[in-house]
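Numbering (this note's numbering), first residue to last: -13 to 200.
We treat Cβ as the ideally placed atom computed from N, Cα and C, and that holds for glycine.
The structure displayed is predicted, hence computed values, not measured ones.
Read the structure below first, then the notes.
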């Protein structure tokens, strides 16, 4: 038996395995990086490559909060309806549960989306505190939007600024938009109930987004 025949017999089965792996792999699926998983929410970062349609045949059964980590443009097609979505880093969108759809990044670069996937309905009527940060410290805490499931706060401190004492009564997912004391840009953390006054001890502005889970 010559070398060519021996090599063909050795390579053949592995070549078939390689083909079957490629056929089974969903090349249209976005890359998923898990960040947090709690009783209330699962948090991931989905990366969509340019000009690669991501086909969600089964849709999405739960409500989500989407935070865009990069500037970009994408389309989302449900049935015959196609929507063009333009966004900047730090933009926040509410995405209710839906049926099948196709999402496509039509930018010339990859885009990352932080997805906060809500696991269930709201826990009931939220308690109210007189030290709500958006009321006692509106200079640093602004409500981006609110519905029955979440409240989204934009938080901004200039260099060396200190805020007012306030209270958090809901669990919240916190995204750090830039490097700041104790955190790096794109860090994601879960925080709980707290009463405190915050201070930006650095010489640079500090920006965060907090998604309160009701």
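Query	Result
Any idea if residue 131 is buried or exposed, counting beta-carbon neighbours within 10 angstroms, 16 or more meaning buried?	exposed
For residue 105, tell me which candidate among 164, 50 and 175 has the shortest Cα-Cα distance.	50
For residue 67, count neighbouring C-beta atoms within 10 Å of its own C-beta (all shown protein chains included) and say buried if the count is 16 or more, exposed if not.	exposed
Closer than 8 Å is the cut-off here; do at least three beta carbon pairs connect the segment 116 to 128 with the segment 77 to 92?	no
CA-CA distance, residue 83 and residue 34?	20 Å
How would you write the range of the beta strand (DSSP E) that residue 202 sits in, first residue to last?	The chain is shown from -13 up to 200; residue 202 falls before or after that span and cannot be answered.
Measure from the alpha carbon of residue 178 to the alpha carbon of each residue in 15, 149 and 25, then state which is nearest.	25
Taking just the CA atoms, how far does residue 48 sit from residue 59?	24 Å
Considering Cα atoms alone, identify which of 61, 32, 22 and 148 is closest to residue 189.	148
Return helix, strand or coil for residue 192, following the three-state DSSP convention.	strand
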